[in-house]
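Numbering (the working numbering), first residue to last: 508 to 709. Where a beta carbon is used, it is the ideal one built from N, C-alpha and C, also for glycine. Following: one structure in structure tokens, then a few remarks.
Structure follows, in structure tokens:
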């Protein structure tokens, strides 16, 4: 939250009006509906490749989490899928109404600093452990996956370990232009292109 507050203060300093507000989101229902669509999509993808290759899916060919999602998707009915789609479309319209009063919504990008590799691995007794762990790591970004709104993560802050902490800016549907203009202004005010770790790909 410190990074987001810092980003908000930077925006104020650049002449933007910043107010505290948030859309109302039914989180538990959103997760349920998202999982219905996500698992159905997994089943569709795997069965699609099975159709193309003529080879039936085998559990041994997939990561445990993917196989569980596939099984969930096979149990998702057409009615379940359409209900989830309808609910997410309704939520998208609700958030679009909220955004009519704001140019951009600012949140943290992640729920915590970057985590070590393997943090999202499935566990032998819990194939979906990695997915649940991931939901804690990215509580703010999935909303844009569901609504289709443009968004950007801008590295405006660094923690004591030198890790970049992103600020997540969400635009109105179809309004990428505002985000690009804001990104250019923020990068000019607080450039980050030359901030590289001691070991990097550059």
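Problem - Cα-Cα separation between residue 656 and residue 577, rounded to whole angstroms - result: 27 Å
Handout entry: Which residues DSSP lists as bridging residue 496, in chain order
Key = Not covered by the structure: residue 496. The range shown for the chain is 508 to 709.
Practice task
Tell whether a beta-carbon distance below 7 Å holds between residue 649 and residue 575.
Solution key: no
Handout entry: For residue 513: DSSP bridge partner residues
Key = Residue 513 is bridged by DSSP to nothing; it lacks a bridge partner.
Exercise for the section: Rounded to whole angstroms, what's the CA-CA distance from residue 617 to residue 645? Just pull it up for me. Expected result: 5 Å
Handout entry: Pairwise C-alpha distance: residue 601 and residue 652
Key = 15 Å
Problem - Opening and closing residue of the alpha helix (DSSP H) in which residue 551 lies - result: 534-560
Problem - Endpoints, the alpha helix (DSSP H) within which residue 648 is located - result: Counting along the chain, residue 648 falls outside any alpha helix (DSSP H), and DSSP gives it neither H nor E.
Handout entry: Distance CB(residue 670)-CB(residue 623) smaller than 7 Å
Key = no
Exercise for the section: Would you identify the three-state DSSP class for residue 630, choosing helix, strand or coil? Expected result: Residue state, collapsed to three classes: strand.
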